[in-house]
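Sequential numbering from 448 applies to the sequence shown in my numbering. Backbone N, C-alpha and C fix where the C-beta goes; we use that ideal spot for every residue, glycine too. Source: prediction; values computed, not measured. This report refers to the structure that appears directly beneath it.
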Amino acid sequence: MSRSREYIAGLAARGQYHFTAAEMRQSLRVSPAAAKLALLRLAKQGLVASPARGFYVIVPPEYRQLGCLPADQFIPALMERHGLAYYAGLLSAAQYHGAAHHRPQEYQVVVAKNRRPIACGGVRVAFIARKRVAEVLVQSFNTPRGTIRVSTVEATAVDLVGYERHAGGLDQVATILAELAEHIEPKRLVAAAKTAPISWAQRLGYLLELVGAGSRAESLKAYVHKAAKDMTPLLPGTPHTEATRQRNDWRLFINAEVEAET
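Take a look at the structure:
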């Protein structure tokens, strides 16, 4: 067995499935050129993959066909190495909370600033920029390689409405909200809404009522009554002059017909 294969075998034996090229060079005491060649050989053999420049993951046999570790098994380590606040959000977070209506084609990670997407074997990761990302309510979920930060069910509901285009549109958002509703705690929903623009709360409350979960939105409605100074369109980016009606309780122009799938 080559020294480079012994190196990654030793890491895996200790439960460590991530490393950098610099760490490998230092451990093996080889030149950058030699380390690069060794990594290329390991990658060709399907033993390692590189989701980001200089950052490598060990690919165990069960993921060889995928060509990479699943995203939730390397994103925490990658974000830690870059010192970035993050959480798995939107459609990816909804899955952790039991909404499996639509399986996302890419793993969605929320960060403070835009980052390039990741393509690693069959794994795709999309980054969504979110102001005040460190204030968003999160919880930890276990993975085979540790834990990952995921937005709470309430924060997920807020983000789905705020980033409806990343979630497949308002119809799909409503469908997912119907699946998540029974797990939403009204007071925590208000706390989650306070980390986002008030217009997100206005739209979210209306959609929760639309899918029959109005009881979960009563505290949110009281918050909107106090905080919302302006009317806002249900579907952002569309003139409110196209609205067919308005809802004063949520201070919304209803400029789109929304239908949740059943």
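Taking the alpha helix (DSSP H) that residue i belongs to, which residues open and close that run?
i           : result
residue 517 : That residue, residue 517, is in no alpha helix (DSSP H); it is neither H nor E in DSSP.
residue 672 : 665 to 674
residue 409 : The question about residue 409 has no answer here: the residues shown for the chain are numbered 448 through 709.
residue 649 : 645 to 657
residue 481 : 479 to 491
residue 452 : 450 to 460
Go ahead and pull the three-state DSSP assignment for residue i.
i           : result
residue 620 : helix
residue 506 : coil
residue 575 : strand
residue 631 : coil
residue 550 : coil
residue 679 : strand
residue 474 : helix
residue 610 : coil
residue 468 : helix
residue 531 : coil
residue 556 : strand
residue 580 : helix
Where do the ends of the beta strand (DSSP E) carrying residue i lie?
i           : result
residue 593 : 593 to 598
residue 587 : 585 to 590
residue 497 : 495 to 499
residue 566 : 565 to 567
residue 692 : 692 to 694
CB residue i to CB residue j, shorter than 8 Å?
i           : j           : result
residue 624 : residue 600 : no
residue 513 : residue 568 : yes
residue 698 : residue 675 : yes
residue 639 : residue 602 : yes
residue 572 : residue 564 : yes
residue 475 : residue 450 : yes
residue 528 : residue 502 : yes
residue 522 : residue 495 : no
residue 554 : residue 585 : no
residue 469 : residue 486 : no
residue 540 : residue 598 : yes
residue 561 : residue 576 : yes
residue 707 : residue 622 : yes
Roughly how far, in whole angstroms, is the beta-carbon of residue i from the beta-carbon of residue j, given that I think they are within contact range, below 8 Å?
i           : j           : result
residue 596 : residue 464 : Their Cβ separation, rounded to whole angstroms, is 18 Å, which puts residue 596 and residue 464 out of contact at 8 Å.
residue 614 : residue 681 : Their Cβ separation, rounded to whole angstroms, is 15 Å, which puts residue 614 and residue 681 out of contact at 8 Å.
(request) For the stretch 664 to 673 and the stretch 616 to 625, state whether three or more C-beta atom pairs, one from each stretch, are separated by less than 8 Å. (result) With the cut-off at 8 Å, the stretch 664 to 673 and the stretch 616 to 625 do not touch.
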